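Down below is the structure, laid out as structure tokens.
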Amino acid sequence: MAFDYDLFVIGGGSGGVRAARVAAGENGAKVGLAEESRYGGTCVIRGCVPKKLMVFASGYANIEAEAGAYGWDVTLGDFDWNRFKGTLHAELDRLEAIYRRLLANAGVETFDARATVKDAHTVVLSTGVEKTAKHILVATGGRPTRPDIANADAGIVSDDLFDLPELPKSMLIVGGGYIASEFAGVMNGLGVKVTQFYRGEQILRGFDNEARTLVAEQMVEKGIDLQLGTNIAEMEKRDGGVWVKSTSGDEALFDQVLFATGRKPNTDDLGLEATGVKLDRAGAVQVNEYSHTAVPSIYAIGDVTNRVNLTPVAIREGMAFVETVFKANPTPVDHDLIPSAIFTQPEMGTVGLSEEAAREIEAIEVYSTTFKPMQSSFAGQPDRVMMKLVVSQATRKVLGCHIVAPAAGEMIQLAGIAVKMGATKEDFDRTVAVHPTMSEEMVTMKTPVRTS
Ligand code: NDP
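Under the working numbering, the letters of the sequence shown match residues 75 to 526, in that order.
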């Protein structure tokens with residue numbers, strides 16, 4: 075049977091765009107792609123990229139205090155949200171145009187429309203047009219969710235943050251994950267009075283305890299009102315803001331409430347289940363290590379599969395899909411030892427096992443140090459950083475590396491190479507320190523602080 079395309083991709087985010095353009099550009103496949111919103115997807119339009127630019131914007135808040143100590147006479151004026159927002163959106167428009175151009179240059183035919191799956195080889199566009207393809211790739215990503223409580227629509231979600239008509243004076247952020255903790259720092263830096271409710275005992279659940287505790291302490295030090303073991307009991311729109319009663323009984327009025335309480339795969343009404351594609355209870359597409367669904371012609375990559383929800387992982391899954399399907403070279407995706415950064419303030423970079431997770435598996439040595447970094451310490455700032463290695467007693471391999479420090483994301487990218495290569499503690503030790511830096515501590519820690 076002749077199909078309209080060799081591949082039809084649903085979703086123009088990081089994963090979908092990469093798969094489409096490599097399949098078309100490098101492998102000569104005839105590829106169609108449908109995107110119902112903006113090209114670039116969550117990461118470029120309403121995630122990593124605008125978030126990181128907001129992290130940069132908020133970072134200038136401290137410049138007056140620090141530069142002064144270094145002899146500069148600096149007076150910081152007010153932050154102009156609308157001026158920043160204009161530049162931010164111009165940048166997002168530029169990036170979206172690049173994504174469109176990359177697809178066009180690779181020969182991918184794009185449709186600004188929603189696509190649903192009709193059968194194993196057919197998609198239906200919201201324009202009414204039907205297209206057939208030998209393979210269908212579902213790369214529809216995910217979206218933020220609100221908790222199931224009364225008047226939850228009085229709160230906003232992360233998608234809304236980049237379009238706020240004005241910067242609120244006060245904001246309650248609900249959640250203790252990446253998004254909640256990153257935006258607590260961003261908003262605080264921009265001058266918003268931030269309260270953060272997290273229902274558990276410490277934010278950033280699942281990350282190394284020592285690292286996340288230090289991040290939380292520094293967030294509080296910087297002025298965030300972090301309330302642990304706390305959630306919203308009641309909320310409603312009131313007096314131009316949102317009135318909230320917490321589970322500890324306190325009542326307060328906030329200009330905005332942000333729910334950063336998790337994300338959900340975009341599979342609603344996509345027609346997948348009717349074709350035989352299996353979804354899990356959270357609605358994620360179930361795939362094997364080749365991103366293959368239960369239907370031979372349908373694959374899925376990225377956040378819609380809810381494996382490791384990170385842009386570079388979606389891109390890798392897209393590349394592995396192309397290798398598997400268009401180069402006859404079955405390539406599973408390696409989800410082991412993925413370095414990642416959390417752009418809290420201070421930043422956290424991490425690869426491998428937390429101390430707690432490693433101890434569950436084998437006997438370990440823990441090397442850890444916290445200290446005041448030179449740059450901010452000189453300016454009398456209370457900032458503290460942490461460098462930590464979790465080492466296997468048996469193999470001497472570094473099982474986990476955790477960094478809390480400015481630019482921890484940059485550091486962990488490089489430390490991640492060593493850890494992925496299976497470096498031992500002794501490999502770290504025989505590497506000469508780069509002085510004076512924060513990360514030199516990574517190769518100079520001599521005595522374990524704990525063994526078990
Ligand atoms: P997460 O799953 O990381 O965090 C959700 C948070 O909300 C958790 O603290 C959770 O608590 C809490 N929560 C869930 N339901 C409720 C509820 N009903 N009431 C109160 N609190 C609730 O989701 P995020 O939205 O922060 O991030 C989604 C994903 O996006 C991440 O997992 C990550 O993969 C990706 N991401 C990565 C970034 C990066 O790499 N820097 C940045 C941003 C996002 P509990 O812990 O108790 O379950």
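C-beta atoms are modelled at their ideal positions from N, C-alpha and C, and glycine is treated no differently. Since the structure is predicted, the reported quantities are computational estimates derived from the model, not experimental observations.
Its chain contains A213, I375, G376, A388, I389, E391 and G392 as the residues whose beta carbon lies nearer than 7 Å to that of G89, once the 5 sequence neighbours on both sides are disregarded; these appear in chain order.
Look at Y79: its beta carbon is at least 6 Å from all of the heavy atoms in ligand 1.
The three-state reading of DSSP puts S442 in strand, counting E and B together.
Between the alpha carbons of A258 and F130 lies a gap of roughly 14 Å.
Fewer than three Cβ pairs drawn from the segment 300-320 and the segment 163-181 lie within less than 8 Å of each other, which leaves the two stretches out of contact.
Only residues of its own chain outside the window of five on either side were considered, and among them P510 have a CB closer than 7 Å to the CB of M448, listed in chain order. Taken from the Cβ of S526, every heavy atom of ligand 1 lies 6 Å or farther away. With distances taken between CA atoms, E110 lies nearest to R188 out of G99, R188, T521 and T184. In this structure, DSSP gives H195 a state outside helix and strand, which the three-state scheme calls coil. Counting along the chain, A171 sits inside the alpha helix (DSSP H) bounded by residues W155 to A180. Proximity of the beta carbon of P456 to ligand 1 is not indicated: no heavy atom of the ligand is located closer than 6 Å. With a cutoff of 7 Å on beta-carbon distance, G251 and K338 are scored as not near each other. Within the same chain, Cβ atoms closer than 8 Å to the Cβ of T379 are found at P339, A358, V359, Q360, V361, S365 and E391, the five residues on either side in sequence being excluded. Taking 3 residues as the shortest admissible run, the segment 230-316 contains the following complete beta strand (DSSP E) segments, listed from N- to C-terminal end: 244-248, 267-272, 299-302 and 306-312. Checking the DSSP bridge columns, you'll see L353 partnered with V359. The Cβ neighbour count for E434, taken over all protein chains shown within 10 Å, is under 16; the residue is labelled exposed. By the CB criterion at 7 Å, A207 and L81 fall inside the cutoff. Sequence-distant partners of T149 (beyond 5 residues in either direction) whose C-beta falls short of 8 Å from its own C-beta, in its chain, are E138. Note on the segment 374-449: whole beta strand (DSSP E) runs with a minimum of 3 residues are 414-416, 422-426 and 438-445, in chain order. Burial is judged here by how many other beta carbons sit within 10 angstroms of a residue's own beta carbon; F185 has at least 16 and is buried. When C-alpha distances from I412 are compared across T385, P420 and Y272, the shortest belongs to T385. About 56 Å separates the beta carbon of Y144 from that of G106, a gap too long to meet the 8 Å contact definition.
Here the alpha carbons of T418 and V318 stand approximately 25 Å from one another. The segment 308-315 makes no contact with the segment 273-286, as fewer than three CB pairs between them are under 8 Å.
In this chain, L463 is not harboured by any alpha helix (DSSP H); it is covered by the beta strand (DSSP E) spanning V459 to S466.
For Y252, the CB falls within less than 6 Å of some heavy atom of ligand 1. Approximately 5 Å separates the beta-carbon atoms of E170 and G114; this is inside 8 Å, confirming the contact. Counting other Cβ atoms within 10 Å of its Cβ, V472 reaches 16 or more and is therefore classed as buried. Beta-bridge pairing by DSSP links P218 to R337.
V197 and E500 have their C-alpha atoms roughly 55 Å apart. By a beta-carbon distance limit of 8 Å, T443 does not contact M512. Their separation comes to about 10 Å. The continuous stretches of alpha helix (DSSP H) do not include E204, which lies in the beta strand (DSSP E) extending over residues E204 to V212. Nearest neighbour of I172 by Cα position, chosen from I119, V382, K126 and G426, turns out to be I119. Here DSSP, grouped into helix, strand and coil, assigns A189 to strand. With at least 16 other beta carbons inside 10 angstroms of its own, V316 counts as buried.
In this structure, M422 sits away from V260, with a CB-CB distance that is not shorter than 7 Å.
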